[in-house]
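Residue numbering for the sequence shown follows the working numbering, beginning at 15 and increasing consecutively.
Think of the CB as a built atom: it goes at the ideal place given N, C-alpha and C, for glycine as much as any other residue.
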Amino acid sequence: MRKTAAVPDLLISPAAREDLKDIGRYTQENWGVGQRNSYLRAFGALFDDIRDGVAAGRACPDIRPGLLSIPCNRHVIFFRRDPAGTVEILRILHQRMDFPRHL
Numbered sequence: 015m016r017k018t019a020a021v022p023d024l025l026i027s028p029a030a031r032e033d034l035k036d037i038g039r040y041t042q043e044n045w046g047v048g049q050r051n052s053y054l055r056a057f058g059a060l061f062d063d064i065r066d067g068v069a070a071g072r073a074c075p076d077i078r079p080g081l082l083s084i085p086c087n088r089h090v091i092f093f094r095r096d097p098a099g100t101v102e103i104l105r106i107l108h109q110r111m112d113f114p115r116h117l
């Protein structure tokens, strides 16, 4: 019997869920449902790549030890990975926001 590699867990914090709702709402109001769906799918695909180790992110020690970030369109996804490989998406902030203030 062939063993398959375990897929690491992906957790999305309550704050990141609110960020996604706000991003979706704003995008729909300004550019329509189609653009909202496309934008949110891009986040989902990048979440999968982060979880699977395809997208590693950049360390942000100046903000918080262990914090990683990766851009997605005009936003930045902030996350951390624990020693077991579990990924937690902490926030999704617009590129113009003051990151330390919101993290």
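Cβ-based neighbour list, residue i, same chain, cut-off 8 Å, excluding 5 preceding and 5 following
| i | result |
| --- | --- |
| residue 103 | 24, 25, 26, 27, 30, 61, 64, 91, 92, 93 |
| residue 49 | 41, 42 |
Residues of its chain near residue i, where Cβ-Cβ distance is below 7 Å and the 5 sequence neighbours each way are ignored
| i | result |
| --- | --- |
| residue 73 | 82 |
| residue 99 | 22 |
| residue 116 | 105, 107 |
Minimum C-alpha distance to residue i - residue among the options
| i | options | result |
| --- | --- | --- |
| residue 114 | 59, 45, 68, 76 | 76 |
| residue 111 | 85, 97, 95 | 85 |
| residue 33 | 96, 45, 57 | 57 |
Nonlocal neighbours in the same chain, by C-beta distance under 6 Å from residue i, ignoring five residues either side
| i | result |
| --- | --- |
| residue 54 | 38 |
Point to revise | Those runs of the beta strand (DSSP E) which lie wholly inside the region 67-109 and span at least 3 residues | key: 82-86, 89-95, 101-108
Review point. Is the number of C-beta pairs between the region 76-92 and the region 103-117 that are closer than 8 Å three or more?
Key: yes
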